[in-house]
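Q: Sending over a structure as structure tokens; questions will come in a sec.
In my numbering, the protein residues as written are 86 to 444.
Structure representation (structure tokens):
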């Protein structure tokens, strides 16, 4: 087991990537490590020679095909959706497969500056030697343009408008101007940008029409059906459990199904059978949140229990996941417990533990 807390995708799935590159038979675009068809196999799963390729994204195959086809052209890719449908996960794996390096990332926040998109300076060298290549600090976008690879911008709608606008000329002209050095850096073939945006942040820093036109926008939906979401949660919980070295047993089918059912019902505002209308919580109860909840339950069970997830472990994790805002979410959760969970005989133990913690 590695002592690195989180390995990048290209390290975690190194054997699969090497097998796909070794067995490549289709044309490979400039700047890419493998063909679009092989990238699709890496993302969706399959076989390459004798190597089994595990699926990284469990969703609509056509969506992934559109993403890959976009990156073959000179268009940038924007992945949008509610929190949790694997926008960042898909972005990282696309970049790992295409370039073998997913590290060129800019995390969008209110504090992200234009220099982080373009370039900045080592001010000690700048004062000592003046503007020079040695003093230039290249951004991930700058490096991606030089090397003909892909840069990732996470949560682009969290960036201020002037920061977003710095991308317009880069995506249009495919070059960065460095007036201090009287130079322009042209993008090599293979350069592109994958950005992600959260629909919950709509209106925070709305992207301009000019910038949106530079992207091909792909909407990633939440898992369409119960079984798909259960499979996603099971797969990621097993992977993360191994990565963290958790000593508890993996949650059984019943535990995962209960968590996914609760999340889907509160997310959709009704029970699965459509018989009971429900109020929705302030947070988005996504698949990613369900995965975190079960990992937290495993940590509780392994550290302070007998190694098997109990109703008490699940209830403790559920309380923190569902009740984000005490005034609203606590009431919504209490109503769900009394009107839905209480009536399910197989949830009696979980209901009692949840009710006690929400009192």
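Just so you know, even glycine gets a beta-carbon here, dropped at the ideal spot from N, CA and C.
Pick helix, strand or coil for residue 240, following the three-state DSSP scheme.
A: Along the chain shown, read from residue 1 onward, the residue named residue 240 stands at position 155. The answer is coil: DSSP assigns residue 240 none of H, G, I, E or B.
Q: Quick check: the Cα distance between residue 303 and residue 160, rounded to an integer number of angstroms?
A: Sequence index remark: in the chain shown, residue 303 carries index 218 (1-based). Sequence index remark: in the chain shown, residue 160 carries index 75 (1-based). One C-alpha to the other measures close to 12 Å.
Q: Taking only the alpha-carbon atoms, compute the straight-line gap between residue 425 and residue 436 and give it to the nearest angstrom.
A: What you label residue 425 is simply residue 340 of the chain shown in a count that begins at 1. What you label residue 436 is simply residue 351 of the chain shown in a count that begins at 1. Taking the straight line joining both Cα atoms gives about 10 Å.
Q: Would you check if the distance between the CB atom of residue 283 and the CB atom of residue 112 is smaller than 9 Å?
A: If you number the chain shown from 1, residue 283 lands on position 198. If you number the chain shown from 1, residue 112 lands on position 27. Going by C-beta atoms, residue 283 is not nearer than 9 Å to residue 112.
Q: Check whether the segment 131-144 and the segment 97-109 are in contact - that is, three or more C-beta pairs closer than 8 Å.
A: Taking 8 Å as the limit for Cβ pairs, the verdict is that the segment 97-109 does touch the segment 131-144.
Q: Please state the DSSP three-state secondary structure of residue 269.
A: As a working mapping, residue 269 is identified with position 184 in the chain shown. If DSSP states are grouped into helix, strand and coil, residue 269 belongs with the strands.
Q: In three-state terms, what does DSSP make of residue 206?
A: The residue you call residue 206 lines up with position 121 of the chain shown. Reduced to three states, the DSSP call for residue 206 is strand.
Q: Keeping to the same chain, check which residues put their C-beta closer than 7 Å to that of residue 157; ignore five residues upstream and five downstream.
A: If you number the chain shown from 1, residue 157 lands on position 72. Once the five neighbours on either side are set aside, the close Cβ partners of residue 157 are 114 and 121.
Q: With three or more C-beta pairs closer than 8 Å as the rule, is the segment 185-194 touching the segment 90-104?
A: Yes: the two stretches touch, three or more of their Cβ pairs being nearer than 8 Å.
Q: Determine which residues share a DSSP beta bridge with residue 277 and list them.
A: For this step, residue 277 is matched to residue 192 along the chain shown. Residue 277 is bridged to 235.
Q: Where residue 418 and residue 439 are concerned, what is the direct C-alpha to C-alpha distance, given to the nearest angstrom?
A: Along the chain shown, read from residue 1 onward, the residue named residue 418 stands at position 333. Along the chain shown, read from residue 1 onward, the residue named residue 439 stands at position 354. The straight-line gap from Cα to Cα measures roughly 9 Å.
Q: Out of curiosity, what's the CA-to-CA distance linking residue 335 and residue 342?
A: For this step, residue 335 is matched to residue 250 along the chain shown. For this step, residue 342 is matched to residue 257 along the chain shown. Rounded to whole angstroms, residue 335 to residue 342 spans 13 Å at the Cα level.
Q: Examine the Cβ distances between the segment 139-155 and the segment 312-320 and report whether three or more of them are shorter than 8 Å.
A: In short, these stretches touch, since the Cβ pair count reaches three.
Q: Roughly how many angstroms separate the alpha carbons of residue 138 and residue 443, rounded to a whole number?
A: For the purposes of this step, residue 138 is identified with residue 53 of the chain shown, where counting begins at 1. For the purposes of this step, residue 443 is identified with residue 358 of the chain shown, where counting begins at 1. About 43 Å.
Q: At the level of alpha carbons, what is the spacing between residue 237 and residue 152?
A: In the chain shown, residue 237 corresponds to position 152, counting from 1. In the chain shown, residue 152 corresponds to position 67, counting from 1. Their backbone Cα atoms lie some 14 Å apart in a straight line.
Q: Would you kindly report the start and end of the unbroken beta strand (DSSP E) that includes residue 301?
A: Counted from its first residue, the chain shown places residue 301 at position 216. Taken as a continuous stretch (DSSP letters only), the beta strand (DSSP E) holding residue 301 covers 300-304.
Q: Please report the distance separating the alpha-carbon of residue 203 from that of residue 251.
A: Translated into positions along the chain shown, residue 203 becomes position 118. Translated into positions along the chain shown, residue 251 becomes position 166. Answer to the nearest angstrom: the Cα atoms are 8 Å apart.
Q: Which residues in the same chain have their Cβ closer than 6 Å to the Cβ of residue 194, if we skip the five residues on either side of it in sequence?
A: In the chain shown, counting from the first residue as 1, residue 194 sits at position 109. 243, listed in sequence order.
Q: Can you tell me where the beta strand (DSSP E) with residue 221 in it begins and where it stops?
A: Counting from 1 along the chain shown, the entry for residue 221 is found at position 136. Per DSSP, residue 221 belongs to the beta strand (DSSP E) from 221-223.
Q: Given residue 331, which residues of its chain have a CB within under 7 Å of its CB, disregarding the five upstream and five downstream residues?
A: On the chain shown, residue 331 is found 246 positions in, with the first residue counted as 1. Excluding residues within five positions, the ones whose Cβ falls inside 7 Å are 383, 384 and 387.
Q: Is the beta carbon of residue 278 sitting closer than 9 Å to the one on residue 255?
A: The count along the chain shown starts at 1 and reaches residue 278 at position 193. The count along the chain shown starts at 1 and reaches residue 255 at position 170. A contact, by the Cβ cut-off of 9 Å.
Q: Under the three-state reduction of DSSP, which class applies to residue 372: helix, strand or coil?
A: Against the chain shown, residue 372 aligns to sequence position 287. Looking at residue 372 - three-state DSSP - the assignment turns out to be helix.
Q: Quick check: the Cα distance between residue 271 and residue 249, rounded to an integer number of angstroms?
A: In the chain shown, counting from the first residue as 1, residue 271 sits at position 186. In the chain shown, counting from the first residue as 1, residue 249 sits at position 164. Taking the straight line from one Cα to the other gives about 20 Å.
Q: My output table needs one value for residue 435: the three-state DSSP class, helix, strand or coil.
A: If you number the chain shown from 1, residue 435 lands on position 350. In the structure shown, residue 435 sits in a helix (DSSP, three-state: H, G or I).
Q: DSSP has residue 362 in a bridge; who is on the other side?
A: Counting from 1 along the chain shown, the entry for residue 362 is found at position 277. According to DSSP, residue 362 bridges with 355.
Q: Please check the pair residue 380 and residue 340, which I expect to be a contact at CB under 8 Å, by giving their CB distance rounded to whole angstroms.
A: Here residue 380 refers to the residue found at position 295 of the chain shown. Here residue 340 refers to the residue found at position 255 of the chain shown. Not a contact, Cβ separation roughly 12 Å.
Q: What are the start and end residues of the alpha helix (DSSP H) that includes residue 405?
A: Numbered from 1 along the chain shown, position 320 holds the residue referred to as residue 405. Start and end: 396-407.
Q: Per DSSP, residue 192 forms a beta bridge with which residues?
A: Locating residue 192 in the chain shown gives position 107, counting from the first residue. Answer is 239, bridged to residue 192.
Q: Quick one: residues in its chain with C-beta nearer than 7 Å to the C-beta of residue 171, no 5 flanking neighbours on either side, listed in chain order?
A: Stepping through the chain shown from its first residue, residue 171 is reached at position 86. The residues are 142 and 305.
Q: Leaving out the 5 sequence neighbours to the left and right, which residues in its chain are closer than 8 Å to residue 323 when beta-carbon positions are compared?
A: Start at 1 with the first residue of the chain shown, and residue 323 comes out as number 238. The residues are 335.
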